[in-house]
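Taken in order, these protein sequences are the chains called E and S.
According to this note's numbering, the residues represented by the first sequence are 1 to 269, in order.
According to this note's numbering, the residues represented by the second sequence are 1001 to 1289, in order.
For glycine and all other residues, C-beta sits at the position ideal for the given N, C-alpha and C.
Remarks on the structure that follows.
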Amino acid sequence: MSTKGYTLMRAKGRDRRHLLRGAVAAAGAAVLSGCDRLSHNASFVATLQSAEKLSHAAGRLLAPKSAMAQEFSAADVAPVFRGNGTLSPRDADYVALRKDGFAAYKLSVGGLVESPLELSLEELRALPSRTQITRHDCVEGWSCIGKWKGAPLGALLDRARPTAEARFVVFRCFDSMEGPTLDGRDSRYYESIDLDEARHPQTILAYELNDKPLPVTNGAPIRCRVERQLGYKQAKYVKAIELVASFDAIRGGKGGYWEDEGYEWYGGI
Amino acid sequence: MDTTASAPPLDAAPTAVAARRIYRHRLPVRLMHWINVVCLTILLGSGLNIFNAHPALYWGDDSVTVKPWLSMRAENTPAGPVGKTRFAGTDFTTTGVLGLSEVDGRPAGRAFPSWATIPGPQWLAMARHWHLFFAWLFVINGVAYVLYTIFSRHLTRDLVPTRVELKNIGRSIVDHLKLRHPTGDAATRYNVLQSLTYLIVIFGLLPLVVIAGIAMSPRLDAVFTGWVDLLGGRQSARSLHFLAALGLVIFVVVHVVEVVIAGVWNEMRSMITGWYRVPEDHSKEEVVS
Chain E
1 MSTKGYTLMR AKGRDRRHLL RGAVAAAGAA VLSGCDRLSH NASFVATLQS AEKLSHAAGR
61 LLAPKSAMAQ EFSAADVAPV FRGNGTLSPR DADYVALRKD GFAAYKLSVG GLVESPLELS
121 LEELRALPSR TQITRHDCVE GWSCIGKWKG APLGALLDRA RPTAEARFVV FRCFDSMEGP
181 TLDGRDSRYY ESIDLDEARH PQTILAYELN DKPLPVTNGA PIRCRVERQL GYKQAKYVKA
241 IELVASFDAI RGGKGGYWED EGYEWYGGI
Chain S
1001 MDTTASAPPL DAAPTAVAAR RIYRHRLPVR LMHWINVVCL TILLGSGLNI FNAHPALYWG
1061 DDSVTVKPWL SMRAENTPAG PVGKTRFAGT DFTTTGVLGL SEVDGRPAGR AFPSWATIPG
1121 PQWLAMARHW HLFFAWLFVI NGVAYVLYTI FSRHLTRDLV PTRVELKNIG RSIVDHLKLR
1181 HPTGDAATRY NVLQSLTYLI VIFGLLPLVV IAGIAMSPRL DAVFTGWVDL LGGRQSARSL
1241 HFLAALGLVI FVVVHVVEVV IAGVWNEMRS MITGWYRVPE DHSKEEVVS
């Protein structure tokens, strides 16, 4: 082959490579900006979110409602349990209760129940308890192992007797996630779980962490532990428990503060 | 007996130059291949966005009592903000790509840059929606593929190398290093390095990325108490998930480079229409200058 022909072929090859590389880069950019646009398309996002039902069904199928979360040994406990989200609520009612060591704290259990309850911290501590060393998995990706002691939620529900319509347990919390809002919209943390999860033996209302009263950073005086779900489901600073048939009418209607912000209600994955 | 039917047409024999075409990839394989391309692209982008929410990887169960083996962060220095990546205890400056990169023309602290993540902005909830939807599609597609390869005998016929091929693996390695691709009949089969790589990816990396992903689900951790310890704990599972994904990225890069070397259009056509033009066997060709 002549030198000229060879040079021409090389140049052609180079052009083709440039073209190919340019095309790949352009296609990549188009895919990414397309994904960004689709992320703001309500019906597309609803399609993506349909996977949540599949994940929940798979979780229920493979790990039945009685399946236990892994428990660890005392040696695995992290010296300081990581706090996240609200670390010190500034809401006036909480600050007042905290001042005298939550002596005036009352946990109410109400909504769709036959006999509403009100329990002081003393009364909660007097109930049969469960102690468990479990791993807390944050949706962000980190994990921390802690030892929790608390009253099983199932026993409390047995006393309050949910009505036939009750389907979910809603945890109302003290902490406002956003400062005082101008429109007066409530930003207090809340969460919800179904009755199967609520009656799971490891679902407890914890008042102790690592053999000490629950610190404020981790949700004093009461935090819920739902061990087979992610961290945002473990409501801290629990003020009241409410049984409902649906959470459509509560705040954003998605069943929790972070759910209203777009996170899955099913926090098992 | 009439023998004329088997006699070759007179003009056919010398013009062996007329390219031989074979039907190389059947429709289900082509379809599943492209579904996989879409899934892996989106899983990678959304996975990197999820990683950015806590840009550190550890070995073990928890992330509090141990130091990460890999982490990324932005740091303020007198000369301005820089991006740092810490790997095995050593800091590397990775400004512009890892730890700190530009978002809308302004430097922003983020582990992986916005051009690599789905969605572009840091948005964990949305990235999880993308990731978990396409994870399901990817798993369903993968299970369908494995069943297909077994029942269509694609696995035993095409993917598992023969004893002779395994014996000649040395030659195949040399050929690959010289970027020399098989021609003639040899090109109608996967070469031995290719089939071994596919087997490792299909039955090694892909199951690992899925199992390590499942190990991060608190509910699925409860299937058998303690099974996550087989992977070394949940944070190890998160590391393995990341490393398996990295392995897949490396595979895709090599795969695409090989496609380019072997001939983009021919290879692409064979994965779109199924038809592959067998490269001529130069060893039997007369040298014409």
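Own chain, CB closer than 7 Å to residue i, minus 5 neighbours either side, in chain order
{"i": "Ile1118 (chain S)", "result": "Ile1042, Gly1045, Ser1046, Asn1049, Ala1127, Trp1130"}
{"i": "Lys233 (chain E)", "result": "Glu191, Ile193, Val226, Gly267"}
{"i": "Phe81 (chain E)", "result": "Cys144, Gly146, Leu209, Asn210, Asn218"}
{"i": "Val1228 (chain S)", "result": "Ala1215, Asp1221, Arg1234, Ala1237"}
Residue i versus residue j - alpha carbon distance
{"i": "Arg228 (chain E)", "j": "Ala96 (chain E)", "result": "33 Å"}
{"i": "Val169 (chain E)", "j": "Ala1237 (chain S)", "result": "32 Å"}
{"i": "Met177 (chain E)", "j": "Arg188 (chain E)", "result": "6 Å"}
{"i": "Leu1196 (chain S)", "j": "Pro1161 (chain S)", "result": "7 Å"}
{"i": "Phe44 (chain E)", "j": "Leu38 (chain E)", "result": "6 Å"}
{"i": "Ala1074 (chain S)", "j": "Ala1108 (chain S)", "result": "8 Å"}
{"i": "Leu48 (chain E)", "j": "Ala1144 (chain S)", "result": "21 Å"}
{"i": "Leu1177 (chain S)", "j": "Glu1258 (chain S)", "result": "11 Å"}
{"i": "Leu1031 (chain S)", "j": "Ala29 (chain E)", "result": "24 Å"}
{"i": "Pro1014 (chain S)", "j": "Gly1274 (chain S)", "result": "Bear in mind that the predicted position of Pro1014 (chain S) carries a pLDDT of just 45, short of 50, making it unreliable; the figure below should be weighed with that in mind. Answer to the nearest angstrom: the Cα atoms are 27 Å apart."}
{"i": "Val1066 (chain S)", "j": "Tyr1058 (chain S)", "result": "7 Å"}
{"i": "Thr1090 (chain S)", "j": "Ile1211 (chain S)", "result": "30 Å"}
{"i": "Val1249 (chain S)", "j": "Asn41 (chain E)", "result": "29 Å"}
{"i": "Pro1081 (chain S)", "j": "Gly83 (chain E)", "result": "27 Å"}
{"i": "Ile1202 (chain S)", "j": "Gly1142 (chain S)", "result": "9 Å"}
{"i": "His56 (chain E)", "j": "Leu1040 (chain S)", "result": "23 Å"}
{"i": "Val238 (chain E)", "j": "Pro221 (chain E)", "result": "8 Å"}
{"i": "Phe174 (chain E)", "j": "Asp93 (chain E)", "result": "8 Å"}
{"i": "Lys236 (chain E)", "j": "Asp91 (chain E)", "result": "14 Å"}
{"i": "Ala1116 (chain S)", "j": "Val77 (chain E)", "result": "36 Å"}
{"i": "Glu242 (chain E)", "j": "Ile1272 (chain S)", "result": "57 Å"}
{"i": "Asp100 (chain E)", "j": "Asp248 (chain E)", "result": "36 Å"}
{"i": "Lys149 (chain E)", "j": "Val1223 (chain S)", "result": "24 Å"}
{"i": "Phe1092 (chain S)", "j": "Leu1166 (chain S)", "result": "41 Å"}
{"i": "Leu1246 (chain S)", "j": "Gly1213 (chain S)", "result": "14 Å"}
{"i": "Gly34 (chain E)", "j": "Ala51 (chain E)", "result": "20 Å"}
{"i": "Asp1104 (chain S)", "j": "Leu32 (chain E)", "result": "15 Å"}
Residue i vs residue j beta-carbon contact at 8 Å
{"i": "Ala1111 (chain S)", "j": "Met1072 (chain S)", "result": "yes"}
{"i": "Gly172 (chain E)", "j": "Thr203 (chain E)", "result": "According to the sequence shown, residue 172 (chain E) is Arg rather than Gly. No; because the gap between Cβ atoms is not below 8 Å, this pair is not in contact."}
{"i": "Gly154 (chain E)", "j": "Ala198 (chain E)", "result": "yes"}
{"i": "Asp158 (chain E)", "j": "Lys65 (chain E)", "result": "no"}
{"i": "Val244 (chain E)", "j": "Leu112 (chain E)", "result": "yes"}
{"i": "Val1278 (chain S)", "j": "Thr1188 (chain S)", "result": "yes"}
{"i": "Glu140 (chain E)", "j": "Ala1053 (chain S)", "result": "yes"}
{"i": "Lys106 (chain E)", "j": "Ser120 (chain E)", "result": "yes"}
{"i": "Ser129 (chain E)", "j": "Ala164 (chain E)", "result": "no"}
Same chain, Cβ closer than 8 Å to residue i, five either side skipped, listed in chain order
{"i": "Pro116 (chain E)", "result": "Ser108, Val109, Gly110, Ala160"}
{"i": "Gly1060 (chain S)", "result": "Val1066, Gly1232, Gly1233, Gln1235, Ser1236"}
{"i": "Asp260 (chain E)", "result": "Arg251, Gly252, Gly253, Lys254"}
{"i": "Leu1193 (chain S)", "result": "Ile1169, Ser1172, Ile1173, His1176"}
{"i": "Leu214 (chain E)", "result": "Ala206, Tyr207, Glu208, Ala220, Pro221, Ile222, Arg223"}
{"i": "Leu1159 (chain S)", "result": "Thr1149, Tyr1190, Ser1195, Tyr1198, Leu1199, Ile1202"}
Residue i - DSSP class collapsed to helix/strand/coil
{"i": "Asp186 (chain E)", "result": "coil"}
{"i": "Glu191 (chain E)", "result": "strand"}
{"i": "Arg17 (chain E)", "result": "helix"}
{"i": "Gln132 (chain E)", "result": "strand"}
{"i": "Val113 (chain E)", "result": "strand"}
{"i": "His1075 (chain S)", "result": "At residue 1075 (chain S) the sequence reads Glu, which differs from the His that was named. In this structure, Glu1075 (chain S) counts as strand in the three-state DSSP scheme."}
{"i": "Val1288 (chain S)", "result": "Because Val1288 (chain S) carries a pLDDT of 48, less than 50, the predicted location of this residue cannot be relied on, and the following value inherits that uncertainty. Here Val1288 (chain S) sits in coil by DSSP."}
{"i": "Arg1086 (chain S)", "result": "strand"}
{"i": "Tyr1023 (chain S)", "result": "strand"}
{"i": "Phe1092 (chain S)", "result": "strand"}
{"i": "Lys254 (chain E)", "result": "coil"}
{"i": "Tyr207 (chain E)", "result": "strand"}
{"i": "Lys99 (chain E)", "result": "helix"}
{"i": "His1059 (chain S)", "result": "At residue 1059 (chain S) the sequence reads Trp, which differs from the His that was named. Reduced to three states, the DSSP call for Trp1059 (chain S) is coil."}
{"i": "Pro1028 (chain S)", "result": "helix"}
{"i": "Gly267 (chain E)", "result": "coil"}
{"i": "Met1 (chain E)", "result": "Residue placement at Met1 (chain E) cannot be trusted, given a pLDDT of 46 that sits under 50; what the coordinates show is reported in the next sentence. In this structure, Met1 (chain E) counts as coil in the three-state DSSP scheme."}
{"i": "Gly1170 (chain S)", "result": "helix"}
{"i": "Val1103 (chain S)", "result": "strand"}
{"i": "Arg1277 (chain S)", "result": "strand"}
{"i": "Glu261 (chain E)", "result": "coil"}
Sequence-distant residues of the same chain with beta carbon closer than 6 Å to residue i, five excluded per side
{"i": "Val1037 (chain S)", "result": "none"}
{"i": "Gly59 (chain E)", "result": "Gly268"}
- request: Can you check the segment 135 to 186 of chain E for any beta strand (DSSP E) of at least 3 residues that lies completely inside it and give the ranges in chain order?
  value: 143 to 152, 168 to 176
task: Quick one: which unbroken alpha helix (DSSP H) runs of 4-plus residues sit fully inside the segment 44 to 92 of chain E? Chain order, please.
output: 51 to 62
- prompt: Which ranges would you report for the alpha helix (DSSP H) in the segment 1109 to 1162 of chain S if only whole runs of at least 4 residues count?
  reply: 1124 to 1151
Minimum length 3: unbroken beta strand (DSSP E) runs contained in the segment 1174 to 1239 of chain S: none
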